[in-house]
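Following: one structure in structure tokens, then a few remarks.
Numbering (the numbering used here), first residue to last: 2 to 155.
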């Protein structure tokens with residue numbers, strides 16, 4: 002992640018013995034009372050409950066500040082149909098979701114956010130008829146995973 006990017010907006014964090022062990026960057030709107038979780042990270046090996054605690058504290062703080070909603074962000078590739086008549090790329094993307102932990106923790110992100118009972122809303126990626134959907138999926142994976150370096154470090 003880019004420290005300069007994080008410095009451009011609010012960041013919630015948890016310190017343990019003076020050391021930052023978890024954080025989430027936030028985006029807020031002044032016009033409609035919405036807040037959004039952007040980037041979230043935790044130190045490897047820290048108790049998984051730290052992220053739960055961080056999210057609960059974010060929710061409590063935003064509510065006290067008058068925010069109406071908190072958008073937890075997306076769960077990439079979640080919810081793709083397993084119907085045999087779905088397009089081939091749909092099956093490829095579903096396999097990436099199910100078995101792509103080496104590149105990104107797709108299932109873990111979905112499971113983590115699911116604990117907070119979100120109102121899931123579908124998002125779609127549209128590719129031109131002549132386009133290759135797999136190339137678009139690779140672009141999205143690189144974007145989510147922090148580029149090629151981010152993927153190869155995992």
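Even glycine gets a Cβ: it sits at the ideal position worked out from N, Cα and C.
For residue 3, the first and last residue of its enclosing alpha helix (DSSP H): Unbroken run through residue 3: none, as it is neither H nor E.
Three-state class that DSSP yields for residue 137 in the structure shown: helix
Residue 30 vs residue 11 beta-carbon contact at 8 Å: no
Local conformation of residue 47 per DSSP, three classes: coil
The alpha helix (DSSP H) enclosing residue 111, as first and last residue numbers: 107-115
N- and C-terminal bounds of the alpha helix (DSSP H) containing residue 98: 89-100
Beta-ladder partner(s) of residue 15, from DSSP: 23
Residue span of the beta strand (DSSP E) that contains residue 70, given as start and end: 70-72
Residue 35 beta carbon less than 8 Å from that of residue 72: yes
Inter-residue spacing [alpha-carbon to alpha-carbon] between residue 26 and residue 41: 6 Å
Cβ neighbour criterion (16 or more within 10 Å) applied to residue 6: exposed
Cβ-based burial, residue 69 [other Cβ within 10 Å; buried from 16]: exposed
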